[in-house]
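Engineer: For the sequence shown, numbering that gives the first Met the number 0 assigns the number 0 to the initial residue and increments by one for each residue that follows. Note that the Cβ used here is the ideal one computed from N, Cα and C, for glycine as well. Here it is, the structure, as structure tokens.
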Amino acid sequence: MKLYIHAGTHKTATSSFQRLCHENRKLLITHQIFYPDFSSILPSVNHGIIGRLIYENNIDGAKNLIKAITKKAATTNCNQILLSSELLENCLIDYNFAKSFWDVIQQGEFEATVWSYTKRNGFDYLNSLYSQLSTNKGISIDYDYASSHIVSQGYYCISDQFHPKYYVFDINRRIELLRAIIRPTALEIQSFEKFTEGFPGKSLIARIVPGNSVCIEALEKCSKLIDKLACSLSPVEIEENYLRNFLRIANNSLPEDEILIRNLIRRRLKIKSQAQRKWKDRLLAI
């Protein structure tokens, strides 16, 4: 049995890929690809539960989960397992976590393991991340500070009540360090453009089932429906989210609060624009 690991980066594309796989689990099974469903354990279509168990020091629980996955795949006549988790980006920074995750994976006794990351240019990645994190309660990001940290350290980090989350920009350098810790059959990087071409994850699925146009066409059709449900936030909406989170001002609050929000949005947009001009070239160079 083979294991394919999509170490999800870039939330919008990754989320679309994970939802696509989750909603087409039966289709994938007919093509001998098993995409595990952990939604009864963690209300999400990604596989972060394995990493979360490791961070909780529940190593036995994580190992048992991997064993259960391989057993379930075998009963459905699948010879390939696909895992996708955004938390695996942490492996590029937290090497203790990487080693623990790799040790857990070994419980599946896979004949081959292909581990894939996605690389996007730093400027677009930060802008996407800045938009994404604006919807997280309790988080307020300074664009200038984030840019400075990314340029100097190669990553950005936030933490919640469960674990830290690393967003890695200098993947090319970090993956070489990771290779010294884990030894999968393949540990590779593909461009963001390649990962999203056709539909998010098409290049990975095409590698798992090469030449299977029926599977690819069915997923592509479903992906177009998922894309219609996705919507990007405007610059104003992003800044409004950050301000309301930070100031704890609800929508349709007091008139004076709404005036304050509008004035601060204009100020933050100006500061962000200045920071983008300041850091763009250096972010693109990462």
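(1) Under DSSP, the beta strand (DSSP E) around residue 112 begins and ends at which residues?
(2) Check whether the region 48–58 and the region 159–178 are in contact - that is, three or more C-beta pairs closer than 8 Å.
(3) Going by other Cβ atoms of all chains shown within 10 Å of its Cβ, with 16 needed for buried, is residue 113 buried or exposed?
(4) What does the alpha-carbon distance come out to for the pair residue 130 and residue 82?
(5) Quick one: any contact between the region 31–42 and the region 65–78, if contact means 3 or more CB pairs under 8 Å?
(6) In whole angstroms, give me the CA-to-CA distance for residue 37 and residue 18.
(7) Just tell me which of 137, 250, 185 has its CA closest to the CA of residue 110.
(8) Alpha carbons only, please: which of 213, 181, 127, 214 is nearest the one belonging to residue 275?
(9) If you compare alpha carbons, which of 255, 157, 151, 153 is closest to residue 139?
(10) Identify which residue in 64, 39, 181 has its Cα closest to the Cα of residue 95.
(11) For residue 191, which three-state DSSP category applies?
(12) Please name the residue or residues paired with residue 199 in a DSSP beta bridge.
(13) What do you reckon, are the CB atoms on residue 170 and residue 91 nearer than 8 Å?
(14) Strictly by DSSP, which residues pair up with residue 33?
(15) Between which residues of its own chain and residue 193 is the CB-CB distance below 7 Å, once the five residues before and five after are set aside?
(16) Pull up the distance between the alpha-carbon of residue 93 and that of residue 255, whole angstroms please.
(17) Can you tell me where the beta strand (DSSP E) holding residue 156 begins and where it ends?
(18) Should residue 152 go down as buried or exposed, given a rule of 16 or more other Cβ atoms within 10 Å for buried?
(19) Please name the residue in 266, 215, 63 whose C-alpha comes closest to that of residue 239.
(20) Here's the rule: buried if 16 or more other CB atoms are within 10 angstroms of the residue's CB, otherwise exposed. What is residue 45?
(21) Can you give me the Cβ contacts of residue 215 inside the same chain, cut-off strictly under 7 Å, excluding the 5 residues immediately before and after it?
(22) Can you tell me whether DSSP reads residue 41 as helix, strand or coil?
(23) What separation, rounded to the nearest whole angstrom, lies between the Cα atoms of residue 100 and residue 63?
(24) Which residues does DSSP pair with residue 54 in a beta bridge?
(25) For residue 248, which residues in the same chain have their Cβ closer than 6 Å to its Cβ, ignoring the five residues on either side in sequence?
(26) On the CB-based measure, 16 or more other CB atoms within 10 Å of its CB, does residue 190 come out buried or exposed?
(27) Exposed or buried, what is residue 167 when buried is set at 16 or more other beta-carbons lying within 10 Å of its beta-carbon?
(28) Since residue 2 sits in a beta bridge, which residues does DSSP pair it with?
Structural biologist: In short, the structure shows the following:
(1) Its beta strand (DSSP E) spans residues 111–118.
(2) As far as the Cβ criterion goes, the region 48–58 touches the region 159–178, which means the pair count is three or higher.
(3) It is buried - the Cβ of residue 113 has at least 16 other Cβ atoms within 10 Å.
(4) If you take the alpha carbons of residue 130 and residue 82, they lie about 26 Å apart.
(5) The answer is yes - the region 65–78 touches the region 31–42, with three or more Cβ pairs under 8 Å.
(6) Taking the straight line from one Cα to the other gives about 13 Å.
(7) For the set 137, 250, 185, the Cα lying nearest the Cα of residue 110 is the one of 185.
(8) Of the residues 213, 181, 127, 214, the one whose Cα lies closest to the Cα of residue 275 is 127.
(9) When only C-alpha atoms are compared, the closest one is 157.
(10) Just measuring C-alpha positions, the residue of 64, 39, 181 sitting nearest residue 95 is 181.
(11) In the three-state reduction of the DSSP assignment, residue 191 falls in the helix class.
(12) Looking at the DSSP output, residue 199 shares a beta bridge with no other residue.
(13) Yes; because the gap between Cβ atoms is below 8 Å, this pair is in contact.
(14) Residue 33 is bridged to 80.
(15) So the qualifying residues of the chain are 202.
(16) Rounded to whole angstroms, residue 93 and residue 255 show a C-alpha spacing of 45 Å.
(17) Counting along the chain, the beta strand (DSSP E) containing residue 156 begins and ends at 154–158.
(18) Flag for residue 152 reads exposed.
(19) Per the Cα distances, 266.
(20) Counting the other Cβ atoms within 10 Å of the Cβ of residue 45 gives 16 or more, which makes it buried.
(21) If the five residues before and after residue 215 are omitted, its C-beta is found closer than 7 Å to the C-beta atoms of 201, 204, 205, all from its own chain and listed in chain order.
(22) Residue state, collapsed to three classes: coil.
(23) Going from the Cα of residue 100 to the Cα of residue 63 covers about 13 Å.
(24) DSSP, once it has assigned bridges, lists no residue as partnering residue 54.
(25) Hits under 6 Å: 256.
(26) With fewer than 16 other Cβ atoms within 10 Å, it is exposed.
(27) Buried, because 16 or more other Cβ atoms sit within 10 Å of the Cβ of residue 167.
(28) Per DSSP, 80, 112.
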